[in-house]
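Comments concern the structure below.
Numbering (the UniProt record's numbering), first residue to last: 1 to 348.
Shown next, in the form of structure tokens:
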């Protein structure tokens, strides 16, 4: 590890990018904990200063995948949002997952307990409020729920144990590292489609080249709400669409689709997130969050070829929301996981 550190830690001007083989060696040393905590921290900080190259990111993703439990699902969509959570916005990707499933598109969600730098509300926090303690569920139970609902949730630190092994180091560092990107691309369901959230538009090109290298059939990179994969509902969102090995910049404007609406100020907690999502899935709730779920679902449905246009996707998804089909899928998923939990708690 020391020889690799010498290359990436020479300062902003002297540092060089590692080639794929070197980066893979570094990832192996970190995830295998053969490097010391000091070496791991130094490497991650040096990469943060230098900025990760496409080859380095690709190597780290592949090494993460090597140690992960990856189970091919029916051809579906991977929703790759930030593991450090959200603080000031609605997590529309949660109800969107069940709406997409109701429309015939299987979905994989994944995450972990909150991480730096944001330490926000996570999908697992919302699930806990719904009575699902994901830490108590096996991968087999998650897959059973997916078989009944076409929505898979993967607890990253259970499905890729080495990520759990370096959690303490990441918490002590308290900053973004290369793993904030790599962990979102493990692709537990082996999906041909992905929607991936970013914060800064300066990484659009790098991430587009990475997703092309990773072989996704189609991908959407979204400069979304709080760096998430969620499109804004109160203003346009910049996106990169990737298909056939090519990428193109686009703007998705909710106003042009008749959906633009002011977002109310909300004191978000995990409980409020759950209540808002459940209201939307039952065809109600505040119009801003209903529309945001509708927009994100329609765009993702179109990306995966399940709708001929975003407008058609909106028509399909609105009917599924208003008739309770998305709610039915959610209840199947929730009942499966809670049923496993209850069985595990029963004596004898």
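Positions of the beta carbon are idealized from the N, C-alpha and C atoms, including for glycine.
7 Å Cβ cutoff met for residue i and residue j
i	j	result
residue 5	residue 43	yes
residue 239	residue 222	yes
residue 112	residue 83	yes
residue 303	residue 220	yes
residue 287	residue 314	no
residue 283	residue 276	no
residue 130	residue 274	yes
residue 234	residue 279	no
residue 335	residue 96	no
residue 213	residue 193	no
residue 189	residue 292	no
residue 329	residue 102	yes
residue 108	residue 237	no
Of the listed residues the options, nearest to residue i (C-alpha basis)
i	options	result
residue 120	88, 104, 321, 101	88
residue 231	299, 33, 32	299
residue 64	50, 22, 32, 251	32
residue 123	271, 237, 326, 311	271
residue 78	338, 264, 241, 105	105
residue 30	169, 127, 329, 143	169
residue 249	201, 229, 225	201
residue 216	148, 22, 28, 75	75
residue 16	117, 132, 55, 40	55
residue 325	147, 25, 100, 10	100
residue 252	245, 224, 266	224
Inter-residue CB distance, residue i and residue j (contact presumed, cutoff 8 Å)
i	j	result
residue 184	residue 80	4 Å
Coil, strand or helix - residue i by DSSP
i	result
residue 186	coil
residue 160	coil
residue 30	helix
residue 246	strand
residue 197	strand
residue 322	helix
residue 108	strand
residue 251	strand
Residue i - partner residues in DSSP beta bridges
i	result
residue 256	Bridge partners of residue 256: none, in fact.
residue 221	196, 240
residue 121	86
Any chain B beta carbon closer than 7 Å to residue i
i	result
residue 217	Going by chain labels, chain B is absent from the structure shown, which holds only one protein chain.
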